[in-house]
Amino acid sequence: MAIVRSIAQVEESEKEVEPLALPLADPLGAEIETKTYNLFSTEEETIHAGTWETAVGLSRWDFSDGGEVIYVLGGRMTVQRDGEDPKEVGPGDLAVFPKGWAGTWNVTEPLSKVYVMYS
Numbered sequence: 003m004a005i006v007r008s009i010a011q012v013e014e015s016e017k018e019v020e021p022l023a024l025p026l027a028d029p030l031g032a033e034i035e036t037k038t039y040n041l042f043s044t045e046e047e048t049i050h051a052g053t054w055e056t057a058v059g060l061s062r063w064d065f066s067d068g069g070e071v072i073y074v075l076g077g078r079m080t081v082q083r084d085g086e087d088p089k090e091v092g093p094g095d096l097a098v099f100p101k102g103w104a105g106t107w108n109v110t111e112p113l114s115k116v117y118v119m120y121s
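For the sequence shown, the residue numbers in the working numbering are 3 to 121.
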C-alpha cells in the first residue's frame, strides 16, 4: 500500500497549529508558532511523516529517543550540533538528525519542510 498526498493540496484547516514546545523542542526566547500536517504514522507510533512549518526563532533540539530526516521546501535555518560548527540549511536541502543529535536550530526565514521522524 502506498499513501500519496499532494502537499500543495493540504488545506490550512488540516494543519495543526501550536507553539513549539517540549518534548519536541525547547524555544530559546519568544514563543514560536508551528503548523503540522501528519500524513502517516505507524500503528506502533515509531514512524511519523508529514509537513511542518515554523516561524523564525531559536530552539534547542534533543533527539535522544529517535531521529528525524527532513527535506526543506522553503525558508532557511542554521543548525548546530553541540560541539560542532554550524551548518546552513535551505530550500532543496536534505538533513539528517540521527538518534542522539542534540543542538540548536536558528530559523532565520519562515521554514517549511517534509519530515520523517523515527524511533
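Ideal placement from N, C-alpha and C gives every residue a C-beta, glycine not left out.
Three-state class that DSSP yields for residue i in the structure shown
i	result
Ala10	helix
Glu55	strand
Ser66	coil
Ser15	helix
Pro88	coil
Gly76	strand
Lys101	coil
Pro112	strand
CA-to-CA distance, residue j to residue i, given in whole angstroms
i	j	result
Gly68	Lys101	5 Å
Arg62	Leu30	7 Å
Val19	Val109	17 Å
Per DSSP, the bridge partner or partners of residue i
i	result
Gly107	Position check: residue 107 holds Trp in this sequence, whereas Gly was assumed. In the DSSP output, where bridge partners are listed per residue, Trp107 has Ser61 and Val81.
Asp28	Arg62
Enclosing beta strand (DSSP E) for residue i [first to last residue]
i	result
Pro21	Glu18 to Pro21
Glu35	Glu35 to Ser43
Residues near residue i in its chain [Cβ-Cβ closer than 6 Å; skip 5 each side]
i	result
Ala32	none
Close Cβ partners of residue i (< 8 Å) along its chain, the five nearest in sequence each way excluded
i	result
Thr36	Val19, Glu20, Pro21, Leu22, Trp54, Glu55, Thr56 and Ala57
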